[in-house]
Amino acid sequence: MPQPSRYALSPWPRPPACLIAARLAEPPENARITVAGLVILRQRPGTAKGVIFLTLEDETGIVNIIVWRKIYEAFRRAVIAGRLLRVTGRLQRAHSVCHVIAEQIEDISPMLDLLLTEQGRQDNDAFAPLPDLG
1 MPQPSRYALS PWPRPPACLI AARLAEPPEN ARITVAGLVI LRQRPGTAKG VIFLTLEDET
61 GIVNIIVWRK IYEAFRRAVI AGRLLRVTGR LQRAHSVCHV IAEQIEDISP MLDLLLTEQG
121 RQDNDAFAPL PDLG
């Protein structure tokens, strides 16, 4: 399996001005940052008073997103249906865990289609067919 860091510098389609998960420790507390990734988890606990928790994954790791009710109402469609999201918000650290408190959420799922085109497949070796062993 390829190492995630192999893709960190690859020319894959990347949303502009997004911080990768592996570099979340670098900005100062409360810095305004933008992250992007595949939605791998949506949680809306009944005890969370309308707060939604998202987990995004990029090629270097995961990013925890906290979506307050007001933000959820403004970006409801993206939160519910988005497969690939770009989230801008404030970086928060608690007990050595980084979270992004969402301020803006954008569904950029159409970028996934770029991976299926030759233009989006810059690292062709990763998509090469497996050799016939039989």
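Heads up, the sequence shown is in my numbering, so the first residue is 1 and it goes up one at a time.
Here a beta-carbon is modelled for each residue, glycine too, at the ideal position from N, C-alpha and C.
If you check the CB distance, Ile66 and Phe53 come in under 8 Å. With the rule of 3 Cβ pairs closer than 8 Å, the stretch 44-52 does not count as touching the stretch 15-35. Glu57 and Leu19 have their C-alpha atoms some 12 Å from each other. When the Cα atoms are used, Leu115 and Glu106 turn out to be separated by approximately 19 Å. The beta carbon of Ala17 is closer than 6 Å to those of Thr34 in its chain, skipping five residues each way along the sequence. In the structure shown, the three-state DSSP call for Ile65 is strand.
In the assembly as shown, Gly82 is a buried residue. Its beta-carbon has 16 or more other beta-carbons within 10 Å.
Excluding residues up to 5 positions away in sequence, Ile66, Gly89, Arg90 and Gln92 lie with their Cβ nearer than 6 Å to the Cβ of Ile101 in the same chain. With a beta-carbon spacing of about 14 Å, Gly37 and Val79 fall beyond the 8 Å limit used to define contacts.
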